[in-house]
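A short write-up of the structure that comes next.
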Amino acid sequence: WTPLGGGGCDKKDTNGASVSSVISSELLLESMGEKIDKTNAEMANMVVEQITEQMIELMNEQMNHQATQTRTLQLVKSTHDQVEEMEQEMALILSRRSCCSVS
24 WTPLGGGGCD KKDTNGASVS SVISSELLLE SMGEKIDKTN AEMANMVVEQ
74 ITEQMIELMN EQMNHQATQT RTLQLVKSTH DQVEEMEQEM ALILSRRSCC
124 SVS
């Protein structure tokens, strides 16, 4: 049998231990919260980097596509100009032949 005072001391020690346990639990939770925040920030940065890389790839593809379109249009115009020149030359040749055959 232990005297009441002794039980009181044990109880006080238990309360003291409970308080320090609560404080260490709070510190642990705070530390875990900071780690979670850091992890979330790192994940957000990774997502931003991936999106940025994809946007750059798309922009490059779009620029290449536009460059291809521009080259194609230039080729079409050049071909069209050559066809017009050939038509003019043919018309000139035909007009000379008809002119010469009359005389």
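Under this note's numbering, the first residue of the sequence shown carries the number 24, and numbering increases by one thereafter. Every residue, glycine too, gets a C-beta built ideally from N, C-alpha and C.
Query raised in the report: Can you list, in chain order, the residues of its chain whose CB lies under 6 Å from that of Arg-119, leaving out five sequence neighbours each side?
Result: Counted from its first residue, the sequence shown places residue 119 at position 96. Nothing meets the Cβ criterion.
Query raised in the report: Nearest-angstrom Cα distance between Ala-64 and Val-70?
Result: In the sequence shown, the residue the question calls residue 64 occupies position 41. In the sequence shown, the residue the question calls residue 70 occupies position 47. Distance between the alpha carbons of Ala-64 and Val-70 is about 10 Å.
Query raised in the report: Quick one: Cα of Ile-79 to Cα of Val-99, how far?
Result: What you label residue 79 is simply residue 56 of the sequence shown in a count that begins at 1. What you label residue 99 is simply residue 76 of the sequence shown in a count that begins at 1. Looking at the two C-alpha atoms, the distance is approximately 30 Å.
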